[in-house]
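Have a look at the structure below, then the notes.
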């Protein structure tokens, strides 16, 4: 049986970080941090760096006391080095943005990773790489995503990860939202508590832990409606439960700026292979869409540069197929930075952990 997939749009984004210069107990960057006496105490063991903030941070304190998790999902306390027990959990909260409010800021942390949407629109991801003994929270100005009246925040949390980027640790997320008037006075505030709704049955399955990142595993058939939008009925989701903030050290504000996500331009399609027929008509990716594929099919894409990136893919299809993205290291010289987008017959392999080490599953946002 052949399976056809219509790919309507593919965009590729790079993630750019700013350089953090550390020199003999002095931390500097272009990020404007609050005036504080911050010291780094170094011992003979590099891993035992201790950070001491001498200025009280009320947001940090509130975040540590507001950690929540899903009542039905637990992960082991410990695992062997660099082994993972990956889980994905969605959280939702509907709240009111007062008419007199003119701005809003969201402070958020998750162990180990979060993706944030407001009213169905993607906002950002995080947090910064951290040691659980000194977690760093992010701050997002979210006014442009809000409207007067009812609004919905949706957060995907991926936990239980362990690799060269993530340290395996307890699962949890926490957030504080401040809504202010034109004079900068906080007139309304919400934080994470047991009124938030939570579910592990969204389209986001357990992620795969790669060498220095993760791979998303997305199955649209897992949910009947889009849980990111305000209209979604979450009445059958569980209420969140409080989790112990003492699992983490004192919170600190993120030390480097938020990463910028910029679309990569000039990406080319090198070839399209379907039913053993190969089309090598090289063209720009954005001019190739929409693209109709019949499984099994492979699309070879030249990124034109070495880049750390993620794909955004819009597509329509029937059941019983899955798509993957992986690096291509077999057919091209080092000067070509190729990626492979493939459409496969059948379902995602049942042995998901092994499959995720091999494939990078596409996220359909």
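Residue numbers (my numbering): 371 to 735. Where a beta carbon is used, it is the ideal one built from N, C-alpha and C, also for glycine.
*For residue 675, count neighbouring C-beta atoms within 10 Å of its own C-beta (all shown protein chains included) and say buried if the count is 16 or more, exposed if not.*
Along the chain shown, one-based indexing puts residue 675 at 305. With a 10 Å radius around the Cβ and a threshold of 16 neighbouring Cβ atoms, residue 675 comes out exposed.
*So what's residue 656 in DSSP terms, helix, strand or just coil?*
Counting from one through the chain shown, the residue named residue 656 turns up at place 286. Residue 656 falls in the helix class under three-state DSSP.
*Kindly indicate which residue of 534, 625 and 570 has the alpha-carbon position closest to the one of residue 584.*
Locating residue 584 in the chain shown gives position 214, where the first residue counts as 1. Closest option to residue 584, Cα to Cα, is 534.
*What are the residues that DSSP puts in a beta bridge with residue 509?*
Start at 1 with the first residue of the chain shown, and residue 509 comes out as number 139. DSSP, once it has assigned bridges, lists 477 as partnering residue 509.
*For residue 713 and residue 664, the rounded distance between their alpha carbons*: In the chain shown, residue 664 corresponds to position 294, counting from 1. In the chain shown, residue 713 corresponds to position 343, counting from 1. Their backbone Cα atoms lie some 8 Å apart in a straight line.
*residue 429, enclosing alpha helix (DSSP H) - first and last residue*: By 1-based counting over the chain shown, the position of residue 429 is 59. Start and end: 428-434.
*Could you pull the start and end residues of the beta strand (DSSP E) that residue 548 belongs to?*
Here residue 548 refers to the residue found at position 178 when the chain shown is read from its first residue. Membership of residue 548 in the beta strand (DSSP E) is indicated by the continuous run 542-550.
*Cα separation between residue 381 and residue 708?*
Taking the first residue of the chain shown as 1, we reach residue 381 at position 11. Taking the first residue of the chain shown as 1, we reach residue 708 at position 338. Spanning the two alpha carbons is a distance of roughly 15 Å.
*Tell me whether residue 565 is buried or exposed, calling it buried when 16 or more other Cβ atoms sit within 10 Å of its Cβ.*
To locate residue 565, count along the chain shown from 1; it is residue 195. By the 10 Å Cβ count, residue 565 comes out exposed.
*For residue 592, which option in 598, 686 and 573 has the closest C-alpha, if you only look at C-alpha atoms?*
The residue labelled residue 592 in the question sits at position 222 within the chain shown. The alpha carbon of residue 592 has as its nearest neighbour, out of 598, 686 and 573, the alpha carbon of 573.
*Give me the Cβ distance between residue 436 and residue 561, rounded to the nearest whole Å; I'm assuming they're in contact under 8 Å.*
Working through the chain shown from its first residue, we reach residue 436 at position 66. Working through the chain shown from its first residue, we reach residue 561 at position 191. For a cut-off of 8 Å, the C-beta gap from residue 436 to residue 561 is around 5 Å, short enough to register as a contact.
_Whole alpha helix (DSSP H) elements within the segment 597-677, 4-residue minimum_ = Taken in chain order, the complete alpha helix (DSSP H) segments of 4 residues or longer contained in the segment 597-677 are 655-658.
*To the nearest angstrom, report how far apart residue 639 and residue 682 are at their CA atoms.*
Residue mapping note: residue 639 aligns to position 269 of the chain shown, counting from 1. Residue mapping note: residue 682 aligns to position 312 of the chain shown, counting from 1. The alpha-carbon of residue 639 is positioned some 16 Å away from that of residue 682.
*Helix, strand or coil for residue 680 per DSSP?*
In the chain shown, residue 680 corresponds to position 310, counting from 1. Three-state result, residue 680: strand.
*What is the residue span of the beta strand (DSSP E) that residue 466 lies within?*
Here residue 466 is taken as the residue at index 96 of the chain shown, counted from 1. Under the DSSP assignment, residue 466 falls in the beta strand (DSSP E) whose first and last residues are 457-467.
*Other residues of its chain near residue 503: CB distance less than 7 Å, five sequence neighbours each side excluded*: On the chain shown, residue 503 is found 133 positions in, with the first residue counted as 1. Contacts found: 619.
*Could you tell me the boundaries of the beta strand (DSSP E) in which residue 526 lies?*
Within the chain shown, the letter at position 156 stands for residue 526. Unbroken beta strand (DSSP E) run through residue 526: 519-529.
*Who are the Cβ neighbours of residue 379 in its own chain at under 8 Å, not counting the five residues just before and after it?*
Translated into positions along the chain shown, residue 379 becomes position 9. Answer for residue 379: 659, 660, 682, 683 and 684, listed in chain order.
*Would you tell me roughly how many angstroms separate the C-alpha atoms of residue 414 and residue 632, rounded to the nearest one?*
One-based indexing of the chain shown puts residue 414 at position 44. One-based indexing of the chain shown puts residue 632 at position 262. Because the pLDDT of residue 414 is 32, which lies under 50, any placement of that residue in the model is unreliable, and the question is left without a value.
_Using only the alpha-carbon positions, how far apart do residue 399 and residue 496 sit?_
Within the chain shown, numbered from 1, the residue matching residue 399 stands at position 29. Within the chain shown, numbered from 1, the residue matching residue 496 stands at position 126. Caution is warranted here: a pLDDT of 33 is assigned to residue 399, below 50, making its placement in the model unreliable, and the coordinate value is therefore given only provisionally. So the two alpha carbons sit approximately 19 Å from each other.
*Can you tell me whether DSSP reads residue 591 as helix, strand or coil?*
Sequence index remark: in the chain shown, residue 591 carries index 221 (1-based). It is helical.
_7 Å CB neighbourhood of residue 715 in its chain, flanking five on each side removed_ = Mapped onto the chain shown, residue 715 falls at position 345. Around residue 715, the same chain offers 373, 665, 666 and 691 as residues with beta carbons nearer than 7 Å, after the five sequence neighbours per side are excluded.
_So, for residue 608: in the same chain, excluding its five sequence neighbours on each side, which residues have a beta-carbon less than 8 Å away from its beta-carbon?_
Taking the chain shown and counting its residues from 1, the one referred to as residue 608 is at position 238. Contacts found: 440, 441, 442, 567, 568 and 569.
_Three-state class that DSSP yields for residue 515 in the structure shown_ = Within the chain shown, numbered from 1, the residue matching residue 515 stands at position 145. DSSP places residue 515 in helix when its eight states are reduced to three.
*DSSP puts residue 691 in a beta bridge; with which residues?*
As a first step, residue 691 is located in the chain shown; it is residue number 321 there, counting from the start. Beta-bridge partners assigned by DSSP to residue 691: 715.
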